[in-house]
Amino acid sequence: MPRTFKSIQEFFKKPKGAAYLFILPAFITVLIFTIIPLVYAVIISFQNLNIFLGPAKFVGLANFANLLSDDRFWNALKNSLIFLVEVPIQVILGLLVAVFLSKNTLFRKFARTIFFVPTICSLTAIAIVWSFMLDAQIGLYPYYLTWIGLPRLQFLSDPNLAMPTIILTTVWKNFGMTMMILIAGIQSIPTSYYEASQIDGAGGIVQFFNVTLPLLVPSLGFCIITNTIGSLQVFDQIYVMTQG
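Start counting the sequence shown at 216; every next residue gets the next number (the numbering used here).
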């Protein structure tokens, strides 16, 4: 057996080497589907290509100059930043519901299931359902508004109402996942912290701000990051509900 092969074999028998062996499939997947496409995207951003990736011509920063001078880019950026309002709304709502449903009673387990169901549904299907429910002519909610004496609002065709409507429907669909992550975080907090705070005379609100919230920072950070990424990638829901 060659000496080099034998040393490699001995390396992978050690705990550190075995760890590298286990993460190798994940590393290869990330390399192929994330790192290489990202590097290639940076490379072609400095080139002039057609849609079929034909003969490339290096143009330097010309593509970025064209992008920054395009009004459509700034409009899209503005809308994306406005849409990010759904992230704090979703996280705050998920946190409040998670605090209420964190204990394992039968009713609260059932309530968790109800709130989580929209998360596993198709975003396109949900967008179609909400489009019918909010339609100014046949929609359920515009009808309720006229029933109580209010005007029929154009939820999806009024430029002033379309964005808030989409933000609220997105929060409704996605906050269940945030809620479940935060419930898991709350349930992982040792009960000894709450018992010690009760001995010191702390009530529910004091425990929330001094025990629950500080120990939930890692879970909250994860929710904020993932929800922000998802909000910046949203497309199908907006296209189905408002055609852009």
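Just so it is clear, CB atoms sit at the ideal spot from N, CA and C, and this is done for glycine as well.
| C-beta neighbour in chain D for serine 260, strict 8 Å | In the structure shown, chain D cannot be found, because there is only a single protein chain.
| Expressed to the nearest angstrom, what Euclidean distance is found between the alpha-carbon atoms of alanine 233 and proline 433? | 28 Å
| said: Within a Cβ cutoff of 8 Å, which residues of the same chain sit near serine 346, ignoring the five residues on either side of it in sequence? | reply: Leu371, Val455, Met456
| request: Go through its chain and collect everything with a Cβ distance to arginine 367's Cβ below 7 Å, but skip five positions before and after it. | output: Ala351, Pro357, Leu360, Thr361
| query | So what does DSSP say about asparagine 425, is it helix, strand or coil? | reply | helix
| Pair within 8 Å by beta-carbon distance, leucine 435 and valine 312 | no
| task | Quick one: residues in its chain with C-beta nearer than 6 Å to the C-beta of threonine 443, no 5 flanking neighbours on either side, listed in chain order? | result | Val302
| request: Report the partner residues of asparagine 263 according to the DSSP bridge assignment. | output: Lys272
| query | Which of the three DSSP states, helix, strand or coil, is assigned to glycine 354? | reply | coil
| query | Counting Cβ pairs, one atom from each stretch, are 3 or more of them under 8 Å apart for the segment 382-396 and the segment 324-331? | reply | yes
| Does the beta-carbon of asparagine 263 have 16 or more other beta-carbons within 10 angstroms, so that it is buried, or is it exposed? | exposed
| Does the Cβ of glutamine 458 have 16 or more other Cβ atoms within 10 Å, making it buried, or fewer, making it exposed? | exposed
| Count the other CB atoms within 10 Å of the CB of lysine 388; is the residue buried (16 or more) or exposed (fewer)? | buried
| message | Beta-carbon within less than 7 Å of serine 295's beta-carbon, same chain only, minus the 5 sequence neighbours each way: which residues are those? | response | Leu447
| Under the rule that 16 or more other beta-carbon atoms within 10 Å means buried, what is methionine 216, buried or exposed? | The predicted position of methionine 216 is uncertain, since its pLDDT is 46 and thus under 50; a value taken from the coordinates is nonetheless stated next. Result: exposed.
| field | Sequence-distant residues of the same chain with beta carbon closer than 7 Å to leucine 299, five excluded per side | value | Thr443, Ser446
| Do the CB positions of aspartate 451 and alanine 342 come within less than 8 Å of each other? | yes
| query | Given threonine 427, which residues of its chain have a CB within under 8 Å of its CB, disregarding the five upstream and five downstream residues? | reply | Val314, Ile401, Ile404
| request: Work out the CA separation of threonine 385 and alanine 291 for me, nearest whole Å. | output: 18 Å
| query | Near tyrosine 235, which residues of its chain fall below 7 Å by C-beta distance, leaving aside the five closest residues on each side in sequence? | reply | none
| field | Contained alpha helix (DSSP H) runs [length at least 4] in the segment 365-410, N- to C-terminal order | value | 374-402
| Exposed or buried, which one is threonine 406 when buried takes at least 16 other CB atoms within 10 Å? | exposed
| said: In this structure, how does DSSP classify aspartate 285 when only helix, strand and coil are distinguished? | reply: coil
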